[in-house]
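Asks:
Residue numbers (the UniProt record's numbering), protein chains in the order written: chain E, 1 to 351; chain B, 1 to 351.
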């Protein structure tokens with residue numbers, strides 16, 4: 001598995017007729033080295049298949065210049081976009097990002113933490129899986145002195161910096177908008193999991209009803225895994241009620257999509273008979289017919305803020321900065337699935 | 001950055017009243033150790049915050065039990081699903097997968113290869129970025145003796161095992177289907193990039209026209225980056241032609257989606273006036289109205305086959321197995337966007 005022959009900085013120095021320490025500085029992008037020399041050294045290193053032994057360096061200095069990001073799945077536009085935000089800043093600072101997926105499995109999350117610690121990553125940035133209810137594995141990251149920042153799916157059970165959106169506010173805005181559109185029996189799709197985002201959205205839903213003098217009807221709150229199929233089933237159940245809802249606010253875009261399919265199959269008009277809204281602004285929500293009202297979470301901004309908090313912490317080192325909690329304001333995106341009265345001044349578009 | 005105090009296998013052995021070599025075997029999941037002991041050791045290791053120094057082990061044995069996967073972006077359903085397929089097999093064999101994104105940037109791809117080699121991954125599995133036209137960085141992986149397998153976006157410029165779908169066949173099936181639906185002027189959205197998948201799809205399009213006695217009209221072949229906006233622009237351009245097309249086959253689902261939006265905005269009926277088909281079977285294609293005809297690439301299967309080829313190669317070690325080229329057959333998914341004649345026996349559904 002080793003390179004053969006093993007090229008050293010001395011070989012590069014000899015080839016270029018410069019000193020080994022100049023080569024070393026050039027490879028580390030030391031600003032004291034001219035751009036021309038830096039480029040010549042990097043080119044020679046590449047041509048000669050020089051492998052900087054970063055692992056040996058990591059053992060000596062405890063640094064790999066790698067940041068491990070754990071997400072439930074990398075294929076959700078939201079997570080992909082947060083990762084992109086983190087990655088942009090990390091790359092600028094000379095760090096590479098590696099992504100690991102927990103698939104919402106507690107076991108996989110634990111194993112991933114172990115693998116990342118073993119690989120001596122410089123830090124861990126994570127969004128907690130839906131099925132994680134204990135946090136020892138994250139405490140191990142902290143005990144190992146490795147910076148840890150959580151985003152979106154976070155927990156107050158850990159003394160850790162968190163970056164999230166105000167899910168309560170996002171949900172509140174959706175329900176307020178639906179009420180202004182004349183909806184009075186607003187159903188909600190939520191998740192039974194112990195993840196704060198869903199609890200906060202449910203709370204926002206309930207508060208908006210209360211503040212507008214509408215009753216909270218348990219029959220209209222349906223708990224599921226919030227995937228497409230769940231949305232279908234939940235909508236079927238709601239259509240079986242004696243008093244059908246006139247709007248559905250789903251805590252996920254996929255759930256709302258399932259509801260849309262069932263409503264269309266039954267020839268129920270959206271938004272005239274049932275208005276619809278989701279949460280997350282997945283790209284497909286603008287492709288559906290009607291396009292889906294949803295909540296944008298500024299995922300790229302979330303990634304950038306997460307990276308900022310992370311690098312502050314990395315810089316502080318053992319000085320243990322006080323954990324920060326950064327809460328971003330989400331934006332309501334009003335589209336045709338909930339606009340009963342045509343584009344209204346101050347209602348259409350981004351709120 | 002180091003653990004303090006540093007826990008060793010001797011500490012674990014003392015606590016459990018067993019020998020250090022039993023602890024070591026248990027931590028390595030040696031089958032000679034009973035399940036009960038194995039669990040007790042793992043539990044104690046976790047409680048005591050034991051950090052197996054895998055990097056030191058990697059230096060000694062050249063192994064990290066990490067596989068680096070490079071994809072253009074992890075948020076495309078296709079790539080996510082291939083990664084899932086690879087990950088399932090890797091996890092079963094005790095390997096963890098780390099994902100790196102090239103964002104189709106040649107520079108980032110090169111840097112990622114360097115980072116993965118420095119991290120002493122046990123292998124690299126990659127899908128080449130759209131803008132990559134030279135492959136020295138992949139040759140460095142091979143020269144370092146690290147197993148390399150390419151999938152989907154591959155190249156014959158390297159002596160390397162490849163797993164791909166038959167893009168020519170997929171495109172051929174789409175165009176044949178459109179012709180059977182009565183379409184005679186079939187446009188095609190393609191990419192100018194040097195990526196074989198798009199060239200193969202264009203070739204499949206041209207061959208299907210030829211085999212059915214239809215002319216190849218350059219005016220109907222539009223080159224772009226194949227994103228949603230590109231699809232919109234390409235469709236606008238086609239609508240400006242004296243003889244409009246009666247069908248559009250886009251080499252990407254996003255491009256087809258852009259075309260669908262423009263057709264709907266112009267009140268042009270899909271599929272009666274213009275039939276539409278995409279490629280990749282992104283999940284949103286079943287959400288659109290009408291649902292989009294597309295080609296499924298069996299991404300999960302592709303991931304599994306890729307993992308199989310990879311682990312064969314890993315096992316063979318320095319014996320340098322002959323590179324394999326595995327070509328999977330894609331499946332045409334017929335949906336409403338191209339079905340002019342109602343569900344036909346043998347035509348609707350998966351072909």
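Backbone N, C-alpha and C define an ideal beta-carbon position, used for all residues, glycine too. Note that the coordinates shown come from a computational prediction; the quantities given were computed from them, not determined experimentally.
Suppose only complete runs of 3+ residues qualify. What are the beta strand (DSSP E) ranges in the stretch 44-124 of chain E, listed by chain order?
Replies: Runs found: 66-71 and 96-101.
Asks: Within the same chain, show all residues whose beta-carbon is closer than 8 Å to that of residue 217/B, passing over the 5 residues directly before and after it, in chain order.
Replies: Here residue 217/B refers to the residue found at position 217 when the second chain is read from its first residue. The answer, listed in chain order, is 185.
Asks: Pick out whichever of 220/B, 172/B and 167/B has its Cα sitting closest to the Cα of residue 189/B.
Replies: Residue 189/B sits at position 189 when you count from the first residue of the second chain. Nearest of 220/B, 172/B and 167/B to residue 189/B, Cα basis: 220/B.
Asks: Per DSSP, residue 27/B forms a beta bridge with which residues?
Replies: Your numbering for residue 27/B matches position 27 in the second chain. Paired residues: none, contrary to the question.
Asks: With distances taken from CA atoms, which of 233/B, 91/B, 50/B and 309/B is nearest residue 250/B?
Replies: Indexing the second chain from 1 puts residue 250/B at position 250. For the residues 233/B, 91/B, 50/B and 309/B, the minimum Cα distance to residue 250/B belongs to 233/B.
Asks: Report the rounded CA-to-CA distance for residue 160/E versus residue 105/E, giving the unit in angstroms.
Replies: Residue numbering aside, residue 160/E sits at position 160 when the first chain is read from its first letter. Residue numbering aside, residue 105/E sits at position 105 when the first chain is read from its first letter. Cα to Cα, residue 160/E sits roughly 21 Å from residue 105/E.
Asks: As an exercise, report each continuous alpha helix (DSSP H) stretch of at least 4 residues that is fully enclosed by the stretch 225-313 of chain E, in chain order.
Replies: With a minimum length of 4 residues, the continuous alpha helix (DSSP H) runs that stay inside the stretch 225-313 of chain E are 228-239 and 253-265.
Asks: Hey, residue 142/B and residue 148/B: beta-carbon distance below 8 Å or not?
Replies: Within the second chain, the letter at position 142 stands for residue 142/B. Within the second chain, the letter at position 148 stands for residue 148/B. Result yes, Cβ atoms of residue 142/B and residue 148/B sit closer than 8 Å.
Asks: Select from the stretch 281-299 of chain E all residues with a C-beta closer than 8 Å to any C-beta belonging to chain B, and list them in chain order.
Replies: Cβ contacts with chain B: 283, 284, 287, 288 and 289.
Asks: Give the interface partners of residue 16/E over in chain B, defined as CB-CB distance under 8 Å, in chain order.
Replies: By 1-based counting over the first chain, the position of residue 16/E is 16. Going along chain B, no residue has its Cβ under 8 Å from residue 16/E, so there is no contact; the nearest lies around 19 Å.
Asks: Where does residue 325/E sit, in a helix, a strand or coil, going by DSSP?
Replies: Here residue 325/E is taken as the residue at index 325 of the first chain, counted from 1. Strand at residue 325/E.
Asks: Counting C-beta neighbours from all protein chains within 10 Å, is the total for residue 137/B 16 or more, i.e. buried, or is it exposed?
Replies: Counting from 1 along the second chain, the entry for residue 137/B is found at position 137. By the neighbour-count rule (16 or more Cβ atoms within 10 Å), residue 137/B is buried.
Asks: With residue 196/E as the anchor, note down where its alpha helix (DSSP H) starts and where it stops.
Replies: By one-based count along the first chain, residue 196/E stands at place 196. 196-211 is the span of the alpha helix (DSSP H), which, as asked, contains residue 196/E.
Asks: Out of curiosity, what's the CA-to-CA distance linking residue 108/E and residue 205/B?
Replies: Along the first chain, one-based indexing puts residue 108/E at 108. Along the second chain, one-based indexing puts residue 205/B at 205. Approximately 43 Å between the Cα atoms of the pair.
Asks: Would you say residue 140/B lies against chain E (beta-carbon separation less than 8 Å)?
Replies: Taking the first residue of the second chain as position 1, residue 140/B is located at position 140. Yes, because at least one Cβ of chain E sits closer than 8 Å to the Cβ of residue 140/B.
Asks: Counting only Cβ pairs nearer than 7 Å, list the residues of chain E close to residue 64/B.
Replies: Residue 64/B sits at position 64 when you count from the first residue of the second chain. Result: 119.
Asks: What do you reckon, are the CB atoms on residue 303/B and residue 85/B nearer than 8 Å?
Replies: Position 303 of the second chain, counted from the start, is the residue given in the question as residue 303/B. Position 85 of the second chain, counted from the start, is the residue given in the question as residue 85/B. Yes, the Cβ-Cβ distance between residue 303/B and residue 85/B is below 8 Å.
Asks: Using three-state DSSP, classify residue 179/E as helix, strand or coil.
Replies: Taking the first chain and counting its residues from 1, one reaches residue 179/E at position 179. Correct three-state label for residue 179/E: helix.
Asks: Starting from residue 334/B, follow the alpha helix (DSSP H) in both directions and report where the run begins and ends.
Replies: Position 334 of the second chain, counted from the start, is the residue given in the question as residue 334/B. Unbroken run through residue 334/B is the beta strand (DSSP E), 331-334; no alpha helix (DSSP H).
Asks: Looking at the unbroken alpha helix (DSSP H) that takes in residue 141/B, where does it start and where does it end?
Replies: Taking the second chain and counting its residues from 1, the one referred to as residue 141/B is at position 141. First-last of the alpha helix (DSSP H) with residue 141/B: 136-143.
Asks: When you compare the stretch 289-299 of chain B with the stretch 164-176 of chain B, are there three or more beta-carbon pairs, one atom per stretch, that lie closer than 8 Å?
Replies: With the cut-off at 8 Å, the stretch 289-299 of chain B and the stretch 164-176 of chain B touch.
Asks: In whole angstroms, what separates the C-alpha of residue 290/E from that of residue 265/B?
Replies: To locate residue 290/E, count along the first chain from 1; it is residue 290. To locate residue 265/B, count along the second chain from 1; it is residue 265. In a straight line, the C-alpha of residue 290/E is about 13 Å away from that of residue 265/B.
Asks: Looking at the unbroken alpha helix (DSSP H) that takes in residue 13/B, where does it start and where does it end?
Replies: Here residue 13/B refers to the residue found at position 13 when the second chain is read from its first residue. Residue 13/B -> alpha helix (DSSP H) spans 9-16.
Asks: Is residue 75/E close to chain B? Criterion is C-beta to C-beta, closer than 8 Å.
Replies: In the first chain, counting from the first residue as 1, residue 75/E sits at position 75. So yes, residue 75/E belongs to the interface.
Asks: Are the CB atoms of residue 280/E and residue 79/E nearer to each other than 8 Å?
Replies: Reading the first chain from its first residue, position 280 is the one you call residue 280/E. Reading the first chain from its first residue, position 79 is the one you call residue 79/E. Taking 8 Å as the Cβ cut-off, residue 280/E and residue 79/E do not qualify as a contacting pair.
Asks: Is there contact between the stretch 241-249 of chain E and the stretch 262-278 of chain E, where contact requires at least three CB pairs shorter than 8 Å?
Replies: The stretch 241-249 of chain E is in contact with the stretch 262-278 of chain E.
Asks: Out of 339/B, 327/B and 308/B, which one is the CA nearest neighbour of residue 292/B?
Replies: Here residue 292/B refers to the residue found at position 292 when the second chain is read from its first residue. The option with the nearest alpha carbon to residue 292/B is 339/B.
Asks: Rounding to the nearest angstrom, what Cα-Cα distance links residue 195/B and residue 213/E in this structure?
Replies: Indexing the second chain from 1 puts residue 195/B at position 195. Indexing the first chain from 1 puts residue 213/E at position 213. Rounded to the nearest angstrom, the two C-alpha atoms are 59 Å apart.
Asks: Measuring straight from C-alpha to C-alpha, what distance separates residue 43/E and residue 67/E?
Replies: Your numbering for residue 43/E matches position 43 in the first chain. Your numbering for residue 67/E matches position 67 in the first chain. If you take the alpha carbons of residue 43/E and residue 67/E, they lie about 26 Å apart.
Asks: Given that a residue counts as buried once 16 or more other Cβ atoms are within 10 Å of its Cβ, and exposed if not, what is residue 93/B?
Replies: Start at 1 with the first residue of the second chain, and residue 93/B comes out as number 93. By the 10 Å Cβ count, residue 93/B comes out exposed.
Asks: In terms of DSSP beta bridges, what is residue 190/B paired with?
Replies: Locating residue 190/B in the second chain gives position 190, counting from the first residue. BP columns for residue 190/B point to 223/B.
Asks: If contact means a Cβ-Cβ distance below 9 Å, which residues of the stretch 96-109 of chain E contact chain B?
Replies: Cβ contacts with chain B: 96, 97, 98, 99, 100, 101, 103 and 108.
Asks: Alpha carbons only, please: which of 238/E, 13/E, 226/E and 333/E is nearest the one belonging to residue 37/E?
Replies: In the first chain, counting from the first residue as 1, residue 37/E sits at position 37. With distances taken between Cα atoms, residue 37/E lies closest to 13/E.
Asks: Does residue 229/E pass the burial test, meaning 16 or more other C-beta atoms within 10 Å, or should it be called exposed?
Replies: Reading the first chain from its first residue, position 229 is the one you call residue 229/E. Residue 229/E is exposed by the Cβ-count criterion.
Asks: Quickly, what does DSSP pair residue 150/B with across the bridge? List them, please.
Replies: As a working mapping, residue 150/B is identified with position 150 in the second chain. According to DSSP, which records beta bridges pairwise, residue 150/B is partnered with 126/B and 162/B.
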